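Protein chains in written order, with our numbering: chain A, 303 to 1025; chain B, 303 to 1025.
Structure record follows, encoded as structure tokens.
There are 2 protein chains.
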Amino acid sequence: MLWAKIKRSPHAHARILSINLDKALALPGVKAIVTGADFPDVPPEKAQIGAAPHNLRDLSRNCIARGKVLYEGHAVAAVAAVSPAVAAEALDLIEVEYEVLPHVMDVEAAMAPDAPVLHDDIFTAGIEPRPTKPSNVSKVVRFTKGDVEAGFRDADVIIERRYTTKPVHQGYIEPHACLVSVAPDGQTTIWSSSQGQFMVRAYTARMVGADIANIRAIPAEIGGGFGGKTIIYLEPLAYMLSKKSGRPVKIVMSREEVFRATGPTSGAVVEVKLGAKKDGRITAAKTVLKYQAGAFPGSPVQQGCICSLAPYDIPNAETTGYDVLCNRPKVAAYRAPGAPIGSFAVESCIDELARELGINPLELRRLNGARDGTKAAHGPTWNNIGYLRTIEEAMAHPHYRTPLGPNQGRGIACGFWHNAGGESSAAVHVNEDGTVTVTEGHPDIGGSRASMAMMVAEVLGVPFENVRPVVGDTTAIGFSASTGGSRVTFAGGMAVTQAAQKVVEELKKRAAITWDISPDAVEWKDGKAYPAGANAGSFEPLDLATIANRSARTGGPISAEVQINAQGQGPGFTTHLCDVEVDRETGAVKILRYTAIQDVGRAIHPSYVEGQMQGGVAQGIGWALNEEYIYDQDGRLENPGFLDYRVPVASDMPMIDTVMVEVPNPRHPFGARGVGEVPIVPPMAAVANAIADATGVRLRDLPMSPPRLLAALDGEPMRQAAE
Amino acid sequence: MLWAKIKRSPHAHARILSINLDKALALPGVKAIVTGADFPDVPPEKAQIGAAPHNLRDLSRNCIARGKVLYEGHAVAAVAAVSPAVAAEALDLIEVEYEVLPHVMDVEAAMAPDAPVLHDDIFTAGIEPRPTKPSNVSKVVRFTKGDVEAGFRDADVIIERRYTTKPVHQGYIEPHACLVSVAPDGQTTIWSSSQGQFMVRAYTARMVGADIANIRAIPAEIGGGFGGKTIIYLEPLAYMLSKKSGRPVKIVMSREEVFRATGPTSGAVVEVKLGAKKDGRITAAKTVLKYQAGAFPGSPVQQGCICSLAPYDIPNAETTGYDVLCNRPKVAAYRAPGAPIGSFAVESCIDELARELGINPLELRRLNGARDGTKAAHGPTWNNIGYLRTIEEAMAHPHYRTPLGPNQGRGIACGFWHNAGGESSAAVHVNEDGTVTVTEGHPDIGGSRASMAMMVAEVLGVPFENVRPVVGDTTAIGFSASTGGSRVTFAGGMAVTQAAQKVVEELKKRAAITWDISPDAVEWKDGKAYPAGANAGSFEPLDLATIANRSARTGGPISAEVQINAQGQGPGFTTHLCDVEVDRETGAVKILRYTAIQDVGRAIHPSYVEGQMQGGVAQGIGWALNEEYIYDQDGRLENPGFLDYRVPVASDMPMIDTVMVEVPNPRHPFGARGVGEVPIVPPMAAVANAIADATGVRLRDLPMSPPRLLAALDGEPMRQAAE
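Spelled out as structure tokens, the structure:
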């Protein structure tokens, strides 16, 4: 096995004039080097496997630069050598000549008419007439409902504010890593941890020009993903190095590489304008969202537009989103991609409106809250949603009534994520001893294996302990879209349930063969086959283990596999309560108490659901208070490590209380909605609203870190970063 | 990961008085030691997963001794340590106190009334009245047809001979090896190479008392098996060591351990009595087969009884088989288990009869050969068999007419193997780009992956190159019996064919959805869907790749899995021609030319079929000329290595010609029979008959090694080993 390392750009934006590999290739122990020239040109086709769509050409150029480097850390070459040390030494021997170009980091600068343009072949999509000049705005999205200007004319009060957020990283503990082995006949095995082995297989195949069937992608256990592993970075490089060298090649990113070269979510500027009657009825909402895409198009701005207004029943609304290129790493999905950014702005502004109107902010939300029959600003009409129940639960919760002390405040914020369905496969194999194996195609990033096993055990009527859930590689199970979008318990659960139901039918058939009666005359109950009906005859019930043990005699092994494209995912709504205490001397914010109330549909595995809710809140608190990327004037990241990029640790957190509201999703066999994403949506606004409640000072720029809060408390306008 | 080594008995038969582990456990780096006391008592239940049935209690006691050691090399303890060196050092520190018992090595000695008895709880099965005294004869099998004594009274000529064979090893190049990881919650992964990952899983589960669902058995690529890897030796030891130590444990046998402690096939004594009319019609046959079982019951004597007379249409026959315990390693399956031994005797004796009658030996076989409608001596009536065609092809073959020189001779022998069916699972997954993955549950020991892919490609109408065949682990595919008995291309092929047919039905359905017509109005031809029939409408055909690419929109991914218990395997017959030249000075035999003619049913992958035929012949020639176990007076093996146990090498072999006769098996979708086993059946007799033809000297004891042949040529009766 060889170890590979990646030569990365030191510049935020530069033209590659030449790459000289001679000295590096001459280093003993170096077995292969690849640059962009080794990779096929991939046409600009859209592909979507799970959460986020990708333009395959961009994905290819993000894996390794061609012609230009577009951000500091952009891969330029990769070296495979006998040891990591030799590979590192070889990197220093690669000579790259650059012509440094002007760079642009922030959305408003990138949208300026005179901004350096990253791509000369990208023209803004979604506007008429089609532009003739390339732009850093890759697309504009817009949703409208009613007549927004008339709505503002109807309003008694209008609030208009500007909010900014910083890019934040998913912060998974395990860096990206892969091992790729390409045999001389092209038969390839990839071991890597990701949110989708089928995604790894499909994208790698396209990046390197291989048949999908020639690639077997084996999902390693994942050390965290949170959306950031719905994309590939390393596999095509390792593939080409393995092909060139004839040996398996392993690449493991350092933490620094993770920060410099993998996708955080967007930093953004969001403008919100709300109009309302004195009684609190919101008459109009207008939002403008400008999201960093990084070096290639694809920010989650559309989800930001959709999700931030989704909790409200607003008669007139207009929301506009801009996907803005800049010289940063290409953004990647991050838990409820796009939603927390827009929601920070809208939920903060709702709070400002409530204060302006003198109406309790929870009451204001109840008054304007989406309910069954509400037509959302982005189009659909809600059905079977539990949003108002989360508000009512919040109002009734002891947390909401607990008195606050000095320098303490309470914030409220709500959130929405639509959850996802899509393609899932599942197989249920009955073993000879009556135990059961269930194989799914989705990496387990939040406990989904246990949920799958529980649903199968429930359908078969056997103890949970008898069912072993396994995540299969790409040859072990039918195609399955990536884990993400809170889709797995919904879509995967639907697939395993159907597979288990097919197994029950087969078990009944086998009992019928044993008894020589019709399968229709067999009933399955509590893990056993019983003769059913007057004419079925009288037989001792047959349990699953007995039927399994005799299966060779009744037709062979018993298994069932199901493939579906799951429809009918249930939207998820949530309401959060947050208490903070502000240290006026240091500007530090302590989270005193936090309660997340969420419509979870049906909690298949309640403690895992709680864990998802708590995890989302914890990440949201980090986003709110501390996490940010700090770049120098040359576009070089100054804090690429967990010492300087501060995620919350256990001692920063109170116990996060959860309340699971169960409004079952009628289109899922067990009522499941997704649960993993919506909890990250409200925390930033909840914290901001709590700080405002505690101090009377409104922070509209993330992170609300001690220096920024201290400056605001001191009445000094802190120098505002663009976003 | 820890490395384990096994402490083995130095005695052929001894009582274990005590085992003292104290010193070994005190050695730094030793992490766990297990002895028989660590394993559950497994009840004496029969289980069969593929080729051979096993008594689970015996299997457990073969893996690690309890109370007594029954052969030199029997495992007594196993040590897991931080390195192989430390583990080896620890073995020497384990103190085992033995009471040495008298031992017995050979069948006739073991059958003697005063023989040392290996097991005091084994009473001969298959005889009446049921014996009350324990015996080394574990069972007697008998088949009769007609009236054998009357048949001999009708005969003009009677020949009665005694033949002996030595145990020979399968000679796989890769020794047994495994890596077992038992997690604290019992979830277990086993990596090992075997002929059946489901066999490994099932037997290990029983030996250690685990649920099958808790074990995932991953099939490593196999470095040869030939039947010898249809059983486990190491996995339960590694499992218990891993459980005790909390770490993954790897065990790799040395070649010496493979010889001392894994199953060769039986050595045997076979008596054959044939009666015939002067015109060559055989009137009666009586055979007695005494096979070494090794230390536990289970020789393949029944197959020896069945297969050796199967090629003949004999009106009166009686065959009796004895399964005889002795202080040798438990025998394991070896290519056409049992058949070559009995056939060596019967096919030699047929040759002796032909010479006695003055009838051409091929002509004699044609005269008495089994044909459609013949009732075999063991019961069944043949249908669709190609035996006579193999004889006719032999008669017509140029080889048969080539003149021979001095000291050269030509031998003929025939053979039979019934081939096998049984439980197989297969899955066919259509990938997004139109390539196809086919997953089977059988380790590929002879090229079966290619055959599976070819059958799937044929059904789907796509190029072979688009189909990737994969052997799945026990969670990747439904239960599949082991590879063995020449069952995989037959049974596995039936399963993949049915799965591919289900995929075609699904592809037609998806085309129908696309065109909004009935699936009945869609035809699948050459990899494409066409509208069929007058009312179907007019549409451009849709190829597999197009349907695959759009599958999300028409219902989800496209896969199909099938589980079957395959019936209808087709018997396999063969006729071999062998020319030898004898060096009268050294006794060395050179194989000049060899032609194997075989009814292969239908050759799915002709060059692999040829390879199977050539491989079987090569192993048979080794068995005929050189291979034997040499034990000293204490029952200790003297030649446990490939220097002293001489398998044929390439320079010993001529090019082996093959003639594939194709009489399709009507019960297989492509006409497949098994092909891998029958070629090893005739070579020993073919060589013996050729030596007799060349020299006039008849060798009836294997191996026909230079000293033995030289002695016979010199007219000196060589001291005859018992078998």
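Glycine residues also receive a C-beta, built at the ideal position from the N, C-alpha and C atoms.
These numbers were taken from a predicted model, which means no experiment stands behind them.
For Asn-357/B, no CB of chain A lies under 8 Å from its own CB, so it is not counted at the interface with that chain. For the segment 725 to 746 of chain B, the residues whose beta carbon sits under 7 Å from a beta carbon of chain A are, in order, Glu-725, Ser-727, Ala-729, His-731, Asn-733, Glu-734, Asp-735, Thr-737, Val-738, Thr-739 and Thr-741. One alpha carbon belongs to Ala-377/A, the other to Ala-563/A, and they sit about 8 Å apart. The beta carbon of Asp-340/B lies closer than 7 Å to those of Met-542 in the same chain, with the five residues before and after it left out.
Gln-935/B counts as exposed, since fewer than 16 other C-beta atoms from the protein chains shown sit within 10 angstroms of its C-beta. Annotated three-state conformation of Cys-628/B is coil, per DSSP. Between Gly-724/B and Ala-783/B a beta carbon distance of about 5 Å is seen, short of the 8 Å cut, so the two are scored as contacting.
Within the segment 576 to 629 of chain B, the complete alpha helix (DSSP H) segments at least 4 residues long are 603 to 611, listed from N- to C-terminus.
Contact annotation: Ala-306/A and Val-388/A have beta-carbon atoms that are not nearer than 8 Å. Proximity to Pro-469/A across Pro-745/A, Arg-1000/A, Gln-594/A and Thr-683/A peaks at Gln-594/A, based on C-alpha coordinates. Rounded to the nearest angstrom, the gap between the Cα atoms of Glu-462/B and Ala-619/B is 14 Å. When secondary structure is reduced to three states using DSSP, Ala-988/A falls in the helix class. Interface criterion not met: the Cβ of Glu-537/A is under 8 Å from no Cβ in chain B. Straight-line measurement puts the Cα of Gly-943/A at about 28 Å from the Cα of Glu-401/A. Here the alpha carbons of Pro-833/B and Pro-843/B stand approximately 7 Å from one another.
Around the beta carbon of Ser-494/A, a 10 Å sphere encloses 16 or more other beta carbons of the protein chains shown; the residue is thus reported as buried. A buried status is given to Phe-561/B, since no fewer than 16 other beta-carbon atoms sit within 10 Å of its beta-carbon. In this structure, Ile-652/A places its C-beta atom within 8 Å of the C-beta atom of Arg-667/A. Proximity of Ala-752/B to chain A, defined by a Cβ-Cβ separation below 8 Å, is not satisfied.
Uninterrupted beta strand (DSSP E) stretches at least 3 residues long and entirely within the segment 772 to 853 of chain A occur at 824 to 827 and 830 to 833, given in chain order.
Runs of beta strand (DSSP E) with 3 or more residues, each lying fully within the segment 865 to 898 of chain B, are found at 874 to 884, listed in chain order.
CA-CA distance, Glu-940/A to Ser-496/B, rounds to 54 Å. Residues of the segment 788 to 818 of chain A with a C-beta less than 8 Å from any C-beta of chain B: none at all.
Taking C-beta separations shorter than 6 Å and ignoring five residues to either side along the sequence, the partners of Ile-308/A in its chain run Ala-377 and Ala-380, following chain order.
Note on Pro-613/B: 16 or more other CB atoms within 10 angstroms of its CB, so buried under the neighbour-count rule. Along the segment 471 to 490 of chain A, going in chain order, the ones with a CB nearer than 8 Å to a CB of chain B are Gln-489. The beta carbons of Gln-914/A and Gly-1017/A sit no closer together than 8 Å. The beta carbon of Thr-848/B is closer than 6 Å to none in its chain, skipping five residues each way along the sequence.
Inter-residue distance for Leu-372/A and Tyr-505/A is about 21 Å (C-alpha atoms, whole angstroms). In the displayed model, Val-450/B falls within a helix according to three-state DSSP.
Lys-325/B: member of the alpha helix (DSSP H) spanning 324 to 328, first to last residue. Rounded to whole angstroms, the separation of the alpha carbons of Thr-777/B and Val-772/A is 7 Å. For Val-772/A, the nearest CB of chain B lies under 8 Å from its own CB, placing it at the interface with that chain. The alpha-carbon of Ile-553/A is positioned some 9 Å away from that of Leu-304/A. With a threshold of 8 Å between beta carbons, Ser-320/B makes no contact with chain A. Around the C-beta of Arg-508/B, 16 or more other C-beta atoms lie within 10 Å, and the residue is accordingly described as buried.
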